[in-house]
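Novice: Below are the structure tokens for one structure; questions will follow.
Written as structure tokens, this is what we have:
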């Protein structure tokens, strides 16, 4: 019984924290981008502009939630829900600290990758149901990009799985006690990070929403809370990729002095800040360049990483 | 690849550089005295209106936002009966100031004139006239101009010779 209550507390706490942080990320991102562009960012509403999040929320909630008459209504409403559900589901297997996990699956990593792939559906459905050429182009790009980058996103993590000998995220963290996997798997880390950028459709790879060519890509027709859900989904996706990166490569909750959960939060925040730094500095490649990078460079590198890691693991045995 | 890392590092370094933002209501940039802002009507050193209602400013105005009506007082001095500037049309080009022969109309370094209602952007003479000389001190049109008004005849202005008596002009 107490087990059940514990899980419920973890689930409710996780949901509350995730949704708040995802909302807060909009402020953090604008603030950090501002700082890196020699501006201040939003700093007028409340202390340090923190209440900007509240102001944005009020604005989005009170906005007209318009469904275009030419759209496929059911799918149009369903699409933003799918992205939130899939990204939130992925968090169930992430081990934040010893014992703080919703579902301690022994194939946690596979479940997570599968769930994050499911978010493609959201974008595909959003673009299709909008009945708008820009939305469709955006979602087509997103599908192509996410499916191709998923391939080596999974492959780049397999090196870590080999070293740890488990798909369970908790066990992977535990096996990093001696050395974080970012050292032996540096290539895997870089490949995973690039794939993560593409998976979350962040700026160097934000072709699906490329403002200056496609209006807003797949969420062109969305407004109000539905638009906010896409946004929330994107930010939760960033948190997810960062958390996964910390778990797989930076030793999860391991670290001296601070309590384990604090370590996890600190590391995740660092990775998120790096995500934002990338957004502030790198331009967007052309679509064919994106595909060439994915299939001609990243996939062979991921395979090479896999083979070399496998050989070393085999030789050590 | 190296250039990407270099870019990231340089962007990160911007965290420590000086901000370019001027946080407007809290801090303001110093405005030069010739800034073209809110238009005023000035008075001469004697405290009289400088405007002689010559209409040059309203003619020079490219958007036609100045309206005035000329009239005369008992001394024969021309002055505007009303003087109206519609600031919702004004583009602050300063042509009126250049056209003014008496330094009456002047632009000032003030730009905070937002209103909630559009009619409030129309300034009447009492809103425009200030109790001073503005940017040009010590200038009084009637004191230097050869125009006759009550109490000052032709030839009595500063630096003005008495008018030539054409009948005494002998070849």
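Chains as they are written, first to last, in the working numbering: chain A, 1 to 317; chain B, 1001 to 1171. Note that CB positions come from ideal geometry on N, CA and C, so glycine has one too.
Whole angstroms are fine: how far does the CA of residue 1073 (chain B) sit from the CA of residue 1048 (chain B)?
Specialist: Answer to the nearest angstrom: the Cα atoms are 12 Å apart.
Novice: What would DSSP say about residue 1082 (chain B), mapped onto helix, strand or coil?
Specialist: Strand.
Novice: Using the C-alpha atoms, what's the distance from residue 74 (chain A) back to residue 248 (chain A)?
Specialist: Cα-Cα distance, rounded: 38 Å.
Novice: Taking residue 88 (chain A) as part of the alpha helix (DSSP H), name the residues at either end of that continuous run.
Specialist: Residues 73-90.
Novice: Would residue 138 (chain A) and residue 1011 (chain B) be called neighbours here (beta carbons separated by less than 8 Å)?
Specialist: No, these two residues do not count as a Cβ contact at 8 Å.
Novice: Does the contact criterion of 3 or more C-beta pairs under 8 Å hold for the segment 1051-1067 of chain B versus the segment 1078-1096 of chain B?
Specialist: They touch, by the three-pair rule.
Novice: If you draw a straight line from the alpha carbon of residue 94 (chain A) to that of residue 152 (chain A), how long is it in whole angstroms?
Specialist: For residue 94 (chain A) and residue 152 (chain A), the distance between alpha carbons rounds to 20 Å.
Novice: Using DSSP with H/G/I as helix, E/B as strand and the rest coil, what is residue 52 (chain A)?
Specialist: Three-state DSSP puts residue 52 (chain A) in a helix.
Novice: Are the beta-carbon atoms of residue 253 (chain A) and residue 98 (chain A) separated by less than 8 Å?
Specialist: Against a cut-off of 8 Å, the Cβ pair of residue 98 (chain A) and residue 253 (chain A) comes out as a contact.
Novice: Comparing the C-beta of residue 1019 (chain B) with each C-beta of chain A, is any distance below 8 Å?
Specialist: At least one chain A Cβ lies under 8 Å of residue 1019 (chain B).
Novice: Should residue 205 (chain A) and residue 197 (chain A) be called a contact, given that it needs their Cβ atoms to be closer than 8 Å?
Specialist: Yes, they are a contact pair.
Novice: Since residue 156 (chain A) and residue 191 (chain A) are thought to touch, with beta carbons under 8 Å apart, how far apart are those beta carbons, to the nearest angstrom?
Specialist: Right, the Cβ-Cβ distance comes to about 4 Å (below 8 Å), so this counts as a contact.
Novice: Using the beta-carbon of each residue, which ones in chain A are nearer than 7 Å to residue 1022 (chain B)?
Specialist: Ordered by position in chain A, no residue passes the 7 Å Cβ test against residue 1022 (chain B), which lies about 10 Å from the chain.
Novice: Can you tell me whether DSSP reads residue 1129 (chain B) as helix, strand or coil?
Specialist: Residue 1129 (chain B) falls in the strand class under three-state DSSP.
Novice: Indicate whether at least one CB of chain B lies closer than 8 Å to the CB of residue 40 (chain A).
Specialist: Yes - at least one Cβ of chain B is within 8 Å of the one on residue 40 (chain A).
Novice: Quick one, are the C-beta atoms of residue 88 (chain A) and residue 125 (chain A) less than 8 Å apart?
Specialist: Their beta carbons are not under 8 Å apart, which means residue 88 (chain A) does not touch residue 125 (chain A) by this criterion.
Novice: Closer than 8 Å, CB to CB, is residue 1008 (chain B) near chain A or not?
Specialist: By this cut-off, residue 1008 (chain B) is an interface position.
Novice: Closer than 8 Å between beta carbons: that is the criterion. Which residues of the segment 278-307 of chain A meet it against chain B?
Specialist: Here the close residues are 278, 280, 281 and 282.
Novice: Cα separation between residue 1088 (chain B) and residue 1115 (chain B)?
Specialist: The alpha-carbon atoms of residue 1088 (chain B) and residue 1115 (chain B) are separated by roughly 10 Å.
Novice: Excluding the 5 residues flanking residue 306 (chain A) on each side, which residues of the same chain have their C-beta closer than 7 Å to its C-beta?
Specialist: So the qualifying residues of the chain are 155, 158 and 159.
Novice: Tell me the DSSP secondary structure of residue 97 (chain A) in three-state form.
Specialist: DSSP places residue 97 (chain A) in strand when its eight states are reduced to three.
Novice: To the nearest angstrom, how far is the alpha carbon of residue 216 (chain A) from that of residue 239 (chain A)?
Specialist: Rounded to the nearest angstrom, the two C-alpha atoms are 22 Å apart.
Novice: At 7 Å on the CB atoms, spell out the chain A contacts of residue 1015 (chain B), in chain order.
Specialist: Residues of chain A passing the Cβ test: 35 and 36.
Novice: Give the secondary structure of residue 207 (chain A) by DSSP, where H, G and I count as helix, E and B as strand, and everything else as coil.
Specialist: Coil at residue 207 (chain A), not helix or strand.
Novice: Below 8 Å between beta carbons: does that hold for residue 1130 (chain B) and residue 1077 (chain B)?
Specialist: Going by C-beta atoms, residue 1130 (chain B) is not nearer than 8 Å to residue 1077 (chain B).
Novice: Name the one or two DSSP bridge partners that residue 1152 (chain B) has.
Specialist: Paired residue(s): B:1149.
Novice: Who does residue 1070 (chain B) pair with in a DSSP beta bridge?
Specialist: Its beta-bridge partners are B:1080.
Novice: The beta strand (DSSP E) with residue 1041 (chain B) in it runs from where to where?
Specialist: First-last of the beta strand (DSSP E) with residue 1041 (chain B): 1039-1041.
Novice: If you draw a straight line from the alpha carbon of residue 1156 (chain B) to that of residue 1119 (chain B), how long is it in whole angstroms?
Specialist: If I take the Cα positions, the gap works out to 45 Å.
Novice: Note down, in chain order, each residue of its chain lying with its Cβ closer than 7 Å to the Cβ of residue 276 (chain A), except the 5 sequence neighbours on either side.
Specialist: Cβ neighbours of residue 276 (chain A) beyond the five flanking positions: 29, 32 and 33.
Novice: Between residue 92 (chain A) and residue 103 (chain A), which are expected to be in contact by the criterion C-beta below 8 Å, what is the C-beta distance as a whole number of angstroms?
Specialist: About 5 Å separates the two Cβ atoms, so the contact holds.
Novice: Applying a beta-carbon distance threshold of less than 9 Å, which residues of chain A neighbour residue 1063 (chain B)?
Specialist: Chain A residues near residue 1063 (chain B): none, gap ~33 Å exceeds 9 Å.
Novice: Classify residue 1028 (chain B) as buried or exposed, calling it buried when 16 or more other Cβ atoms lie within 10 Å of its own Cβ.
Specialist: So residue 1028 (chain B) ends up on the exposed side.
Novice: Whole angstroms are fine: how far does the CA of residue 1108 (chain B) sit from the CA of residue 1030 (chain B)?
Specialist: Cα to Cα, the separation comes out at about 13 Å.
Novice: With a threshold of 8 Å, are at least 3 pairs of Cβ atoms found where one atom belongs to the segment 215-235 of chain A and the other to the segment 130-146 of chain A?
Specialist: As far as the Cβ criterion goes, the segment 215-235 of chain A touches the segment 130-146 of chain A, which means the pair count is three or higher.
Novice: Could you tell me the alpha carbon to alpha carbon distance between residue 45 (chain A) and residue 127 (chain A), rounded to whole angstroms?
Specialist: Roughly 35 Å separates the two Cα atoms.
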